[in-house]
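Take a look at the structure below.
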Amino acid sequence: MNMSLLMVLPEEILALGAIALMLVAAWGGQASTRMVSIVAVAVLVGATIALTGPASYGGDAFGGLVRGDAFGAFAKVLIFGASAIAILIAPRFFAAGRGDDLRPEYPVLILLSAAGMSMMVSAGDLLTLYVGLELQSLAAYVLASFMRRDTRSAEAGLKYFVLGALASGILLYGISLVYGFSGTTLFSSIATAYGEGRSLGLTFGLVFVFAGLAFKMSAVPFHMWTPDVYEGAPTPVTTFFASAPKVAAVALSVRVAVEAMGPATDQWRQIVIFAALASIIFGAVAAIGQTNIKRLLAYSSINNVGFVLIGLAAGTQAGVAAVLFYLTVYVVMTLGSFLIVLQMKDAAGQPVESITALAGLSRTRPGLALAMAIFMFSLAGIPPMLGFNAKVAVFQAAIVAGLYPLAVVGFVASVIGAFYYLRVVKVMYIDAPAETVEGAPLAVRTDPVEGGLIAVMAAAISPIGWLGLASLGGATMVAAKALF
Amino acid sequence: MATVGKAQSPRTLPPTHLTVKRRTDSEGPQKTVIQALAFYLFAAIVIASAALTITSRNPVHAVLWLILAFFNAAGLMVLVGAEFIAMLLVIVYVGAVAVLFLFVVMMLNIDFAELRAGFARYAAIGAVFAVGLAAEIMLAFGAWSAGKIELARRAAPTPDTISNIQALGMVLYTRYLFVFEGAGLVLLVAMIGAIVLTHRERSGSRKQNISRQNARRPQDATRNTQPTVGAGVEL
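If you're matching them up, the sequences are chains A and B in order. Counting the first sequence from 1 gives a position; the numbering used here is that position plus 17. Here the numbering used here is used: position 190 in the second sequence is 179, and no number is missing along the way.
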């Protein structure tokens, strides 16, 4: 049991940290927000350091409920990093906002959500999977409607909650079928049951489990909530939604697909291929008409999930490594893009979200425009940026696995998708600055912390990032090997 | 009944589950009669109170009939040996859900006459649903009488030597400790969420501050003055 407790040390640090900070917030009130935020980031750093311990040695804890392996540790590094950034960027946004102050519960909820995601990615049992997923989702519903006076934020929270509860129901139904027909909730034993032969009940369970998971990672046809929730939620929360929970949902799906349903690969592969193609095509086509940058990035995230799923559809170790590589690059690109969206303010300091507000950015804020251009080129998968390498990795895994049509359609759709990314670049570099707003848009100076983050992320995605490719590739291979 | 599963990988099974002793059928005929009597009593009350739930004109009465139905359903659960579900039924459905219903019914002034107004209009659709549900019940009954459904296997059949509450208790805080604590965190998030979303300081509202009221002395609140005649009063 002692070993078990050591193996879930990151989760313990997060949970105990969140509870302690909750008490600080309860007595300290509004004034403690700054302190709670700083300590929350420190807790996340501590949890990341704890990952170097038994949490990544590759063994079972609590009789198989939790697996502490390199795969989970890799995903957790991404999750904790994205969560820390979501805490760091919040104070400035809320300070400039429409009256709703940042409250100390914000970092606490992010911590609890991170604990839930941590449980998800290292789940070795359907129960851990579900409890982790609910912990993450429930905290996310509250975060989505955190700006209570903003009707769009309230709408986002309600929509997310109702549709999320529906998805949880679908997932639970699948879990109950899998449990009923395999007699166990342990991934390893479920794999044995799938290996013993085809059963209608098990197949039905698989379909429902994947449908529920597809909702959580917003893959088409379960994507409908994404643009509305991303648009309505406060921008730091949207930044969080687009990064950490996405990584957790994808990593969880990979683990379920490989560890629990590995012998049924030919069954879930059809679902994953359909979701991948539909997400890529829909994400690319539907984004074209968008005028709101947050909605645009929401469709971009749907599109990217499709590419990630190509790697999963391969179902091989190289495919899983490609998934992790893509996720890493995706998280950095997305966080960077949303950090720039956070800088978009009108002369009065109020946040603006329309793409036209970026017009002429290359003249008013050349550095910011360059960083945004790097992120957009990378998201479009244009060569010198790391986004290109990520797309190549998933296509390569698909081709090696013999899924040629998938790779071809994915490639064509990425060309369609390039259109709207490049349109943002065109608005920034070619269009004249808007004259209606008094003073140049984005006149507000960038906070040094946020500016530094943007610079580091843009550098990591730009050709400078090639320096780290070898070590990142090695880490993804080690992580993927832990599953097979 | 519980088919004893092949032990899969040994670590899936805690030691408590390895021995399963079937209860012998040595119960006398009187016991069966008492059980049958109890079953018909509970079942009859469930059906009667369910019918009264949907026919009673007063919504508060309807909820009270529903609570009676829940209680008797719990009795049926005890009869089939699922005492844990029986307790859940009483605690969760009667204790929480039905009370919530009562609150809603009493606080919202629902005009039930208006709700019933469309009855004739939607009667046809309602009849279709009723026929569908009846067909489903008949199908389920047919499937049941054809033989029990063979689920693949059970990793953890409930041992007959201990009650199922005891069986749950034995694994809840040991084997499933981790998810139990996780469930606790989920409830904590629900609590924080409810407070964050509903409890905000309202600066404009005038609330009663009892400690300030008690600390107030008469000399702070009143003042003796000697107004001169015709000069008016100072406010």
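Backbone N, C-alpha and C define an ideal beta-carbon position, used for all residues, glycine too.
Answer yes or no: do residue i and residue j have a C-beta to C-beta separation smaller than 8 Å?
i              : j              : result
residue 223(A) : residue 281(A) : yes
residue 121(A) : residue 53(A)  : yes
residue 326(A) : residue 303(A) : no
residue 496(A) : residue 341(A) : yes
residue 24(A)  : residue 83(A)  : yes
residue 34(B)  : residue 61(B)  : yes
residue 296(A) : residue 237(A) : yes
residue 171(B) : residue 40(A)  : no
residue 174(A) : residue 162(A) : yes
residue 103(A) : residue 28(A)  : no
residue 320(A) : residue 306(A) : no
residue 379(A) : residue 388(A) : no
residue 373(A) : residue 444(A) : yes
residue 35(A)  : residue 125(A) : yes
residue 244(A) : residue 315(A) : yes
residue 375(A) : residue 441(A) : yes
residue 351(A) : residue 260(A) : yes
residue 93(A)  : residue 138(A) : yes
residue 110(A) : residue 359(A) : yes
residue 431(A) : residue 398(A) : yes
For residue i, decide whether its Cβ has a neighbour in chain A, counting only Cβ atoms nearer than 8 Å.
i              : result
residue 74(B)  : no
residue 165(B) : yes
residue 12(B)  : Low local confidence applies: a pLDDT of 45 at residue 12(B) is under 50, so the model's placement there is unreliable, and no value is given.
residue 186(B) : yes
residue 129(B) : no
residue 219(B) : no
residue 182(B) : yes
residue 115(B) : no
For chain B, check one thing: does any of its Cβ atoms lie closer than 8 Å to the Cβ of residue i?
i              : result
residue 83(A)  : yes
residue 45(A)  : no
residue 132(A) : yes
residue 220(A) : no
residue 165(A) : yes
residue 145(A) : yes
residue 276(A) : no
residue 97(A)  : no
residue 162(A) : yes
residue 370(A) : no
residue 350(A) : no
residue 80(A)  : yes
residue 32(A)  : yes
residue 234(A) : no
residue 195(A) : no
residue 137(A) : no
residue 25(A)  : yes
residue 52(A)  : no
Helix, strand or coil: how does DSSP classify residue i here?
i              : result
residue 83(A)  : strand
residue 108(A) : helix
residue 76(A)  : strand
residue 500(A) : coil
residue 142(A) : strand
residue 196(B) : coil
residue 453(A) : Only weak support is given to the placement of residue 453(A): the predicted model assigns it a pLDDT of 47, under 50, and the value that follows is read from those uncertain coordinates. Residue 453(A): coil per DSSP, three-state reduction.
residue 427(A) : helix
residue 192(A) : helix
residue 68(A)  : coil
residue 333(A) : coil
residue 446(A) : helix
residue -10(B) : Below a pLDDT of 50, predicted positions are generally treated as unreliable, and residue -10(B), at 39, falls in that range; the measurement from the model is reported next regardless. Coil at residue -10(B), not helix or strand.
residue 248(A) : helix
residue 214(A) : coil
Have a look at the DSSP bridge pairing and note the partners of residue i.
i              : result
residue 371(A) : 309(A)
residue 209(B) : None; residue 209(B) has no bridge partner.
residue 362(A) : 368(A)
residue 203(A) : 142(A)
Quiz item: What residues in the stretch 165 to 179 of chain B bring their beta carbon closer than 8 Å to a beta carbon of chain A?
Solution: Under the 8 Å Cβ criterion, the stretch 165 to 179 of chain B contributes 165, 166, 167, 168, 170, 171, 172, 174, 175, 177, 178 and 179.
Self-check item: Members of the stretch 167 to 184 of chain A that neighbour chain B once the beta carbon cut-off is set at 9 Å
Solution: 171 and 174
Quiz item: Any residues in the stretch 149 to 161 of chain A with a beta carbon nearer than 8 Å to a beta carbon of chain B? Which ones, in chain order?
Solution: 149, 151, 152, 155, 156, 158 and 159
Quiz item: What are the residues of the stretch 115 to 129 of chain A that lie near chain B, defined by any Cβ-Cβ distance shorter than 8 Å?
Solution: Correct list: 120, 122, 125, 126 and 129.
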